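Numbering (the working numbering), first residue to last: -18 to 215. We put the CB at the ideal spot given by N, CA and C, even for glycine. Since this is a predicted model, take the numbers as computed values, not measurements.
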Amino acid sequence: MIKQELIRRSPLRILEKSAHGGVGTGGIGMVVGHEGVGKTACLVHIATDQLLQNRHVIHVSFKSDTDHIMAWYDDIFGEIAGRHRLDHTREAHEELVRNRVVMNFKQDGLHWPRILRSVRAMIEQAHFNADTIVVDGFDFGRASPDEIGKLQAFAREMRLAVWFSMSTSTPLTGVSHELPPELRAFEAVIDLVVLLVDTGAHIRLYLVKDHGEPVDLDTHLELDPKSLLIASDG
């Protein structure tokens, strides 16, 4: 399959349609769920989809070991390429690697202004023309809305889309238009929220916030139980 057709048929086009185009430039999106439910896999699938479109991604990780992040990128790209018989797989993978940067930080004693200076230097001084930032392993329990507000202002200035993962203290077993308690303090600085809900048979993706627009909640997307790729329920 040629890459353009793979992009067109990606289930992430369904998410973008449900969310009126997705996070958008200058927006902040969240993938929210309990520990181990598949949030990092979702972030990496979102990032890989951007990379397949020849966009540039900075992956900011607050976890101590980034080897698992690299492994996720390789595994998810391999799954996508294998399932859809992507043409010129080696060349496509090399291009993805060129267009991706992983930056690792420790959250203890480190504040967003310093992180954003490092990201700005990567974009402006290293000439890495980023389009999207994905952030995993960040502990929102030790953050303030003001910190995320600074990131939102930075994203708007630099014309970046930002995706976070966020862990909930308990598994999400139901869904409503209300945000999880852990997220409510940050509601004003978050544009789009996707919940990962364990229904027993599947992990479903529900859209509970979309730039202040009414939402239908069910995106008709779920995680593939083997690969943890985002897939259509049809």
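Closest in C-alpha terms to K(-2), from the list S208, L209, V196, comes V196. By the C-beta criterion, the region 197 to 204 is judged to be in contact with the region 171 to 184, since at least 3 inter-stretch pairs fall below 8 Å. Two segments are said to touch when three or more pairs of C-beta atoms, one from each, lie closer than 8 Å; by this definition the region 137 to 153 touches the region 15 to 34. Closest in alpha carbon position to A136, among R165, A111, L176, is A111. Exposure of S45 is indicated by the presence of fewer than 16 other C-beta atoms within 10 angstroms of its C-beta.
Look at F135 here: in three-state DSSP terms it is helix. Residue nearest to S42 within the set P162, L24, V116, S99 is V116 (criterion: CA-CA distance). Excluding its 5 nearest sequence neighbours in each direction, L24 has C-beta neighbours in its own chain below 7 Å: V12, V115, D117, W144, S146, listed in chain order.
Between the region 154 to 165 and the region 124 to 139, the count of C-beta pairs closer than 8 Å stays below three; the two stretches do not touch.
Burial check for H40: the Cβ neighbour count within 10 Å reaches 16 or more, so the residue is buried.
By the C-beta density criterion, D120 is exposed, having fewer than 16 other C-beta atoms within 10 angstroms. For M103, the secondary structure class from DSSP, reduced to helix, strand or coil, is helix.
Out of T6, H69, T47, the CA that lies nearest to the CA of L(-13) is found in H69. Checking the DSSP bridge columns, you'll see G63 has no partner listed.
In the DSSP annotation of this structure, the continuous segment of the beta strand (DSSP E) that includes I114 starts and ends at 113 to 117.
In the three-state reduction of the DSSP assignment, L97 falls in the helix class. The continuous beta strand (DSSP E) containing D199 extends over residues 198 to 204. Non-local beta-carbon contacts of T29 in its own chain, meaning distances under 8 Å to residues more than five positions away in sequence, involve Y54, I57, F58, I61, L77 in chain order. The C-beta distance from T113 to V83 rounds to 13 Å, too long to fall under 8 Å, and the pair is not in contact. Rounded to the nearest angstrom, the gap between the Cα atoms of I9 and R(-10) is 24 Å. Within the same chain, and ignoring the five residues on either side of E128 in sequence, the residues whose Cβ sits closer than 6 Å to its Cβ are W93. The beta carbon of A169 sits closer than 7 Å to those of P126, all from its chain and outside the five residues before and after it, given in chain order. Contact between L153 and L132 does not hold, since the beta-carbon distance rounds to 24 Å and is not under 8 Å. Annotation: A166 to M(-18) spans about 44 Å, alpha carbon to alpha carbon. Spanning the alpha carbons of A102 and R95 requires a straight line of approximately 11 Å.
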